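The block underneath contains the structure these notes are about, expressed in structure tokens.
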Amino acid sequence: MRILFKTSYLDDIRLFRHGGTRFWYGVLIACLVAAPAALGEFYLGELAQIFILAVAGVGLMLLIGYTGLASLGHGAFMAIGAYTDTYLVTQGVPFPIAFIAAGIVAMAAGIAIALPANRMTGIYLAIATLAFSQIVEQVVVRWESVTRGFQGMPVPPPEILGHALSRPWEFYYLCLAILVLVVLGAINLTRSPTGRAMVAIRDSEISAQSLGVNLVRTKTIAFALSAGITGLAGALLGHKLKFISPDAFNIILSIQLLLMVVVGGLGSIHGAVYGAIFVGGLPQAIALMRDHLPGAIARTPGLEPGLFGLVMILIVLFEPLGIYGRWLKIKAYFEYFPLYRKATFKRQRSYLKTERVR
Amino acid sequence: MSIASTNVVIPGLVPGTQPSASAGASGTMDPGHEARDDNAEGSARRSSLFAAHDLSIAFGGIKAVDGVTFDVKEGEIFAIVGPNGAGKSTIFNLISRIYEPTGGRLIFAGEDITRVPPHTIARRGIARTFQNIELFEHATVLDNLLIGRHCRARPNVLAELLFTPRVRREELRHREAVEEIIDFLDLANYRDQRISGLSYGVRKVVELARALCAEPKLLLLDEPASGLNTEETEEVAYWIEDIKNDLGVTVIMIEHDMSLVSAVCDRVLALNNGRTLALGSPQEVQSNPAVIEAYLGSDGE
Chain Y
1 MRILFKTSYL DDIRLFRHGG TRFWYGVLIA CLVAAPAALG EFYLGELAQI
51 FILAVAGVGL MLLIGYTGLA SLGHGAFMAI GAYTDTYLVT QGVPFPIAFI
101 AAGIVAMAAG IAIALPANRM TGIYLAIATL AFSQIVEQVV VRWESVTRGF
151 QGMPVPPPEI LGHALSRPWE FYYLCLAILV LVVLGAINLT RSPTGRAMVA
201 IRDSEISAQS LGVNLVRTKT IAFALSAGIT GLAGALLGHK LKFISPDAFN
251 IILSIQLLLM VVVGGLGSIH GAVYGAIFVG GLPQAIALMR DHLPGAIART
301 PGLEPGLFGL VMILIVLFEP LGIYGRWLKI KAYFEYFPLY RKATFKRQRS
351 YLKTERVR
Chain C
1 MSIASTNVVI PGLVPGTQPS ASAGASGTMD PGHEARDDNA EGSARRSSLF
51 AAHDLSIAFG GIKAVDGVTF DVKEGEIFAI VGPNGAGKST IFNLISRIYE
101 PTGGRLIFAG EDITRVPPHT IARRGIARTF QNIELFEHAT VLDNLLIGRH
151 CRARPNVLAE LLFTPRVRRE ELRHREAVEE IIDFLDLANY RDQRISGLSY
201 GVRKVVELAR ALCAEPKLLL LDEPASGLNT EETEEVAYWI EDIKNDLGVT
251 VIMIEHDMSL VSAVCDRVLA LNNGRTLALG SPQEVQSNPA VIEAYLGSDG
301 E
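Quick note, the sequences are listed as chains Y and C, same order. Numbering-wise, the first sequence is residues 1 to 358 according to the working numbering. Numbering-wise, the second sequence is residues 1 to 301 according to the working numbering.
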């Protein structure tokens, strides 16, 4: 069992709480940096895909996991990011500027939807965001002069300072760098007043307000940041796919993003990354497994989605806190061994809740 | 300074059974708080900190609060009592601007706050607790208290994303303020625990602490002793006295426990069906025939 001796208030603010975490995150980063030397093109592509999903997951996590606002339309922000970036790049704008513009345009869209969404919560907000994603899909289909409609658009490789990142390992590093930056930003936010205000809104709007949290402002910030980050992920996804069309960003993508944050574990940045690994990696893992299965099973059509769905149901059923929640339990088990009590993480039903005042 | 030096007399509560918590806490207060101590003395020349004039609100046809007028003086402990549905909590919700009054005015520190946006109330110096505890369940005690500091922060999202040195400095400053309250209410043992794992009594104290973190001038306590046992109620009584004397905070509380009310309160407002029944010292109000009738029913029944 590790006992931390805190000697300064900084100990609770630090990025890494103790030497152990610093060491293991160092190892992780070193492995990821070294990966292109060891892995083939296919695996690098898959990893880049997971990084992109993780970026979008972090964006959605800020909204759902931290602020408690459900969104079923985050695929639309990815579409906005991807189309903005692609359109600008094909118009001759340098990639870094187009990339940032993609985030800003998605952010503007997020603010636009936040204005009406500030009056809604729960299932109503989910429906409103779903409707928004349908609107965006229609705009993408109809606005042919910019998006080329169903024809789709080829996406050139991202170019930085005149150098095209056309090789898989170059793109891999780009995605890794963006993911690290986004995760750092998200962690910084969650340890500052605005991040805490988001959590306050999630847990009790009324007491957040009476403590001085401006609900409209904080929710709008949450929407803006969430949409902006998701837009950046969309721009990367466009470059990853090398060709974008409206059906790349349909409702299935939005649902995948939602699954990611729920399966990963709501309310933690770790959860967004774990969820991305799960959603991005599991279908590939199942496909690889198929090669080693007996012929009759391996040839069953629909094996991947079937298994994927099964695992999903099992996680939601037995681990409502998601993969990150399970990891915390495993960690606690070893930290407190042999004193671990199962009840530590038991969820308590709360009977006391102030009746709605509005 | 210790509690003995403030000459707190708490009738109705067992004398000499000072909870060690409050005694230890008041010993750790910094000079800054003691400087504000003079608020508590000299009650004769205190000015009015908060006033409600002819306050009314109607939900459809029901007048939940109907023309209530009262004022609270600086350094006073003011109680609102009344049977269920009398409109006590509604008054609190009106003061914290959760409800829009249909009539009347609210004056705080010489300023009309009847129409100000609700989130500015905390910054002006009014903090509150809730009847059924509205803590942030999935956060730690420390995080809850830090959110209590929100109204004293000037968040800048861009700086926060980069966690600039200024943000870091501010965080440390808030943390120091929070630690003072943790010392004051003896919450150090629970600092890193999640709210969802805490007992009801501790949650009550955490909510009180969170309100104090906002550095209020006026504290609204909605049934601070509900659901607490006798010992815990005594502790609350000492804490309310400490909050008044050491932190110089004026308190308005809603309470059903008349022994607590008569022990700590200077004046009491009794309500029934949204109307004022009586206003005066605890003894006066308790012996007022209209109040007795509201609670016990008239002789005719």
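For each residue, glycine too, the CB sits at the ideal point set by N, CA and C. Note that the structure is a prediction, hence the values are computed from the model and not measured.
The beta carbon of Glu100/C sits closer than 7 Å to no other beta carbon from its chain once the five residues preceding and following it are set aside.
When DSSP assignments are scanned along the segment 114–191 of chain Y, the uninterrupted stretches of alpha helix (DSSP H) that are 4 or more residues long and fall wholly within it turn out to be 122–142, 144–147 and 168–190. Looking at Pro224/C, Glu234/C and Val264/C, the one whose alpha-carbon comes closest to that of Arg128/C is Pro224/C.
DSSP places Thr250/C in the uninterrupted beta strand (DSSP E) bounded by Thr250 to Ile254. Close partners of Ile221/Y in chain C (Cβ separation under 7 Å): Val157. In the structure shown, Glu111/C falls within a strand segment according to DSSP collapsed to helix, strand and coil.
Residue pairing by DSSP places Asn272/C opposite Arg275/C in a beta bridge. At a C-beta separation below 7 Å, Gly148/C has these neighbours in chain Y: Leu211. Excluding the 5 residues flanking it on each side, Ser226/Y has same chain C-beta neighbours closer than 7 Å at Gly59, Leu60, Leu62, Leu63 and Gly110, in chain order.
Within chain Y, the residues placing a beta-carbon under 9 Å from that of Phe130/C are Ser204, Ile206, Ser207, Ser210 and Thr354, ordered along the chain. If you check the CB distance, Gly274/C and Ala86/C come in under 8 Å. A direct Cα-Cα distance of roughly 8 Å separates Tyr83/Y from Ala102/Y. Scanning chain Y for C-beta atoms nearer than 7 Å to the C-beta of Ala153/C yields Pro193, reported in chain order. Taken atom to atom, the span from the alpha-carbon of Ala128/Y to that of Thr194/Y is near 25 Å.
Counted as a single uninterrupted DSSP element, the beta strand (DSSP E) harbouring Leu219/C occupies residues Leu218 to Asp222. In the structure shown, the three-state DSSP call for Ile80/Y is helix. DSSP, reduced to helix, strand and coil, places Ile80/C within a strand of the structure shown. Looking at the DSSP output, Phe70/C sits in a beta bridge with Ala52/C. For Tyr87/Y, same chain residues with a beta-carbon under 6 Å away, outside a window of 5 residues either side, are Val146 in chain order. In chain order, His119 make up the part of chain C whose C-beta sits under 7 Å from the C-beta of Asn214/Y. Within the segment 82–101 of chain C, those residues whose Cβ lies closer than 8 Å to any Cβ of chain Y are, in chain order, Asn93, Ser96, Ile98 and Tyr99. Under the DSSP assignment, Ile126/C falls in the beta strand (DSSP E) whose first and last residues are Ile126 to Arg128. Judged by DSSP in its simplified three-state form, Leu106/C adopts strand. For Arg168/C, a Cβ of chain Y is located within less than 8 Å of the residue's own Cβ.
Taking 8 Å as the cut-off, the Cβ atoms of Ile100/Y and Val183/Y do not count as close.
Of all residues in the segment 235–266 of chain Y, none comes within less than 8 Å of chain C when Cβ atoms are compared.
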